[in-house]
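The UniProt record's numbering numbers the first residue of the sequence shown as 1 and each following residue consecutively.
Using N, Cα and C, we set each Cβ at its ideal position, and we do this for glycine too.
Take a look at the structure below.
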Amino acid sequence: MFDTLSDRLTSVLTNLRGKGRLSDADIDATAREIRIALLEADVALPVVRSFIKGVKDRAKGAEVSQALNPAQQVIKIVNEELVIILGGETRRLEFAKTPPTVIMLAGLQGSGKTTLAGKLAKWLAGQGHTPLLVACDLQRPNAVNQLQVVGERAGVPVFAPEPGNGVGDPVEVSRRSIDEARRAQHDIVIVDTAGRLGIDEEMMKQAADIRDAITPDEILFVLDAMIGQDAVNTAEAFRDGVGFSGVVLTKLDGDARGGAALSVREVTGQPIMFASSGEQLADFDVFHPDRMANRILG
Ligand code: GDP
């Protein structure tokens, strides 16, 4: 996903190698080129600004002028500033003191929520947890069935309304799922919710109602990194409409520019916690800001 950005940054920084001292003009020129590379990759403007400021302030200070190898030092600064933009430390899931830990997924339709539910469930089951998947997307006719298929592949049970028993209300389903988790001793509940193709008040309200019914320990906002510049607006709308404690970036295997998704931490203040990079359940990992920065800088 970040190949172009990665190539651009690497070539800007490679130009510095072999230089002895770096003048302020050298640093300004480098910062300018980094700025263009970030903007062309769709990184949000305020994020680019704070990134460039961080790099310039540090590169013009004693950190570089007194370094044995100034170019190397600038590369190190760019790497560290990138880690900061991406959230610094890896943020792990927070588990409830008294089980079940309730994880709610929110995001637009097609963002990869249902797939992610399966990935997360499989990953948690692999660590010895006993998750329960919950189908609260009752909007899309096939969504419950899709979660059941995903659950089967993950080897994790799915709590869903049974056809014809009158439980068509997602809020009620979410509430009942917590009782079921206690009864059957599931230590984690993963609630899949309905999305729409675009931001929609009714969808936000339903997600907020589910949130109020089950008071999740984590609300994960699932964001398709392929949607480009819309990523930032969508994230802000979900932050304001539902609120979330972490972000999951999906479709990182795609070939879009992806910079907008990289801006989401800085724009919303919430950490990117997981990354999804394919349609298979195994294409999933914890998001490590330092590893992503290393990957981008080649
Ligand atoms: P939902 O509507 O938010 O529940 O989204 P789905 O889980 O149904 O995913 C929508 C489509 O994106 C499906 O075709 C998935 O197979 C696909 N998908 C989900 N995650 C990824 C991913 O990380 N990479 C790729 N390439 N496709 C994905």
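For residue i, the residue or residues it bridges with in DSSP
{"i": "A275", "result": "L249, D285"}
{"i": "E218", "result": "I103"}
{"i": "T193", "result": "C136"}
{"i": "F51", "result": "According to DSSP, which records beta bridges pairwise, F51 is partnered with nothing at all."}
{"i": "V158", "result": "L133"}
{"i": "I188", "result": "T101, P131"}
{"i": "L223", "result": "L249"}
Near the ligand GDP: residue i beta-carbon under 7 Å from a heavy atom
{"i": "S177", "result": "no"}
{"i": "S245", "result": "no"}
{"i": "D283", "result": "yes"}
{"i": "E279", "result": "yes"}
{"i": "Q270", "result": "no"}
{"i": "D187", "result": "no"}
{"i": "Q109", "result": "yes"}
{"i": "Q127", "result": "no"}
{"i": "K76", "result": "no"}
{"i": "S50", "result": "no"}
{"i": "D253", "result": "yes"}
{"i": "S6", "result": "no"}
{"i": "G151", "result": "no"}
Range of the contiguous beta strand (DSSP E) that encloses residue i
{"i": "P131", "result": "131–136"}
C-alpha gap between residue i and residue j, whole angstroms
{"i": "R295", "j": "G228", "result": "20 Å"}
{"i": "V158", "j": "D209", "result": "21 Å"}
{"i": "Q139", "j": "Q148", "result": "15 Å"}
{"i": "R49", "j": "R35", "result": "8 Å"}
{"i": "Q280", "j": "T101", "result": "25 Å"}
{"i": "I188", "j": "G151", "result": "14 Å"}
{"i": "T215", "j": "E94", "result": "14 Å"}
{"i": "R58", "j": "I77", "result": "7 Å"}
{"i": "K56", "j": "S276", "result": "33 Å"}
{"i": "F2", "j": "L82", "result": "13 Å"}
{"i": "L13", "j": "A71", "result": "8 Å"}
{"i": "R183", "j": "R92", "result": "27 Å"}
{"i": "N142", "j": "I52", "result": "46 Å"}
{"i": "L105", "j": "V47", "result": "26 Å"}
{"i": "V286", "j": "D255", "result": "21 Å"}
{"i": "L120", "j": "F284", "result": "8 Å"}
{"i": "G168", "j": "V134", "result": "13 Å"}
Residue range of the alpha helix (DSSP H) that includes residue i
{"i": "F238", "result": "230–241"}
{"i": "P170", "result": "170–183"}
{"i": "K119", "result": "113–126"}
Nonlocal neighbours in the same chain, by C-beta distance under 8 Å from residue i, ignoring five residues either side
{"i": "Q66", "result": "none"}
{"i": "K60", "result": "D24, I27"}
Nonlocal neighbours in the same chain, by C-beta distance under 7 Å from residue i, ignoring five residues either side
{"i": "L86", "result": "L262, R265, I272, P289, M292, A293"}
{"i": "G112", "result": "V222, D224, T250, K251, S276"}
Residues near residue i by beta carbon distance below 6 Å, same chain, minus five either side
{"i": "Q109", "result": "G195, R196, L197"}
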